[in-house]
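Sequences listed follow chains A and B, in order. Here the first sequence stands for residues 1 to 118, where the numbers follow this note's numbering. Here the second sequence stands for residues 119 to 228, where the numbers follow this note's numbering. Cβ atoms here follow ideal geometry from the backbone N, Cα and C, with glycine treated the same way. Every value quoted in this text rests on a predicted model; they were computed, and no experiment measured them. Shown next, in structure tokens, is the structure this report addresses.
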Amino acid sequence: GAGVSQTPSNKVTEKGKYVELRCDPISGHTALYWYRQSLGQGPEFLIYFQGTGAADDSGLPNDRFFAVRPEGSVSTLKIQRTERGDSAVYLCASSSPTGSPLRTDTQYFGPGTRLTVL
Amino acid sequence: SQQGEEDPQALSIQEGENATMNCSYKTSINNLQWYRQNSGRGLVHLILIRSNEREKHSGRLRVTLDTSKKSSSLLITASRAADTASYFCATPSNTGKLIFGQGTTLQVKP
Chain A
1 GAGVSQTPSN KVTEKGKYVE LRCDPISGHT ALYWYRQSLG QGPEFLIYFQ
51 GTGAADDSGL PNDRFFAVRP EGSVSTLKIQ RTERGDSAVY LCASSSPTGS
101 PLRTDTQYFG PGTRLTVL
Chain B
119 SQQGEEDPQA LSIQEGENAT MNCSYKTSIN NLQWYRQNSG RGLVHLILIR
169 SNEREKHSGR LRVTLDTSKK SSSLLITASR AADTASYFCA TPSNTGKLIF
219 GQGTTLQVKP
């Protein structure tokens with residue numbers, strides 16, 4: 001079946017502009033995660049959705065970042081007034097939680113969106 | 119924030135040799151996972167080891183976990199050029215979000 005898809009694959013924008021990054025999770029996966037990865041670093045958590053609601057948004061760096069998942073499927077990460085420091089690869093992952101308290105659910109990652117802010 | 123350190127940061131070996139990567143973490147965990155990433159894009163889940171396990175195998179992969187030292191290692195045996203990638207360890211928080219290490223970049227020369 002289809003994996004996680006993300007669009008666009010690359011986005012170049014100018015400082016101060018608004019951007020939207022889209023994630024299509026695996027069909028039926030209720031959990032969706034956004035991560036950001038800077039060059040040479042591991043991914044860093046941004047926000048987690050369980051269904052339509054943001055269950056954990058503790059990783060959003062500031063109020064310029066916002067994400068939605070209105071129907072519990074596709075999610076959009078929105079960045080206002082972009083800054084050069086926002087340049088990174090934005091990764092989306094989805095999983096189908098088993099409810100295990102041991103958190104053994106596998107997360108399936110999309111190919112990412114490379115955002116470049118000039 | 120990153121969970122911990124991985125070493126080495128970069129590793130270069132010849133095809134057929136074994137590659138060992140280490141990961142240290144800071145907090146108590148339920149499990150530890152290893153991921154692989156090609157060309158800086160999507161990550162692929164390789165293997166998960168639970169906190170009550172000490173060693174786990176999957177094909178040419180062997181993972182060990184030492185909870186007393188808060189460390190794990192990933193061994194790739196009989197490496198191939200196609201194993202060239204970055205490898206990350208990650209631990210889940212109680213909300214399920216993954217906390218990644220900084221990764222080891224492996225180059226396998228043919």
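In the DSSP output, what is residue i paired with across the bridge?
i, result
"residue 53(A)", "50(A)"
"residue 81(A)", "According to DSSP, which records beta bridges pairwise, residue 81(A) is partnered with nothing at all."
"residue 44(A)", "36(A)"
"residue 2(A)", "None; residue 2(A) has no bridge partner."
"residue 12(A)", "116(A)"
"residue 226(B)", "131(B)"
Would you identify the three-state DSSP class for residue i, choosing helix, strand or coil?
i, result
"residue 84(B)", "Coverage of chain B is limited to positions 119 through 228, which leaves residue 84(B) absent and any answer about it impossible."
"residue 69(A)", "coil"
"residue 105(A)", "coil"
"residue 139(B)", "strand"
"residue 86(A)", "helix"
"residue 93(A)", "strand"
"residue 26(A)", "coil"
"residue 125(B)", "strand"
"residue 19(A)", "strand"
"residue 212(B)", "coil"
"residue 75(A)", "strand"
"residue 221(B)", "coil"
For the putative contact between residue i and residue j, defined by C-beta atoms under 8 Å, what is the C-beta separation to the nearest angstrom?
i, j, result
"residue 59(A)", "residue 45(A)", "4 Å"
"residue 222(B)", "residue 129(B)", "6 Å"
"residue 15(A)", "residue 118(A)", "7 Å"
"residue 70(A)", "residue 52(A)", "6 Å"
"residue 6(A)", "residue 30(A)", "That belief does not hold up - the Cβ atoms of residue 6(A) and residue 30(A) are roughly 18 Å apart, past 8 Å."
At a threshold of 6 Å, does residue i count as lining the ligand NAP (C-beta to nearest heavy atom)?
i, result
"residue 183(B)", "No copy of the ligand NAP occurs in the structure displayed, which carries no ligand at all."
task = Anything in the segment 25 to 37 of chain A with a Cβ closer than 9 Å to a Cβ of chain D? List those residues in chain order, please.
result = The chain labelled as chain D is not found among the protein chains of the depicted structure, namely A and B.
request  = Using a Cβ-Cβ cut-off of less than 9 Å, give me the residues of the segment 55 to 71 of chain A that come near chain B, in sequence order.
outcome  = 55, 56, 58, 59
task = Determine which residues of the segment 72 to 84 of chain A have a Cβ less than 9 Å from any Cβ of chain B, and write them out in chain order.
result = none
message = Runs of 3 residues minimum, wholly inside the segment 145 to 207 of chain B: which ones carry the beta strand (DSSP E) assignment?
response = 149 to 155, 161 to 168, 173 to 176, 179 to 184, 189 to 194
key: Selection of the segment 205 to 228 of chain B by Cβ proximity to chain A, strictly under 8 Å   = 206, 208, 210, 211, 212, 213, 214, 215, 216, 217, 218, 219, 220, 221
inquiry  = Which residues of the segment 159 to 190 of chain B have a Cβ closer than 9 Å to any Cβ of chain A? Give them in chain order.
reply    = 159, 160, 161, 162, 163, 166, 168, 169
key: Members of the segment 40 to 51 of chain A near chain B, C-beta cut-off 7 Å   = 41, 42, 43, 45, 48
message = Under 7 Å, CB to CB, which of the residues in the segment 8 to 20 of chain A have a partner in chain B?
response = none
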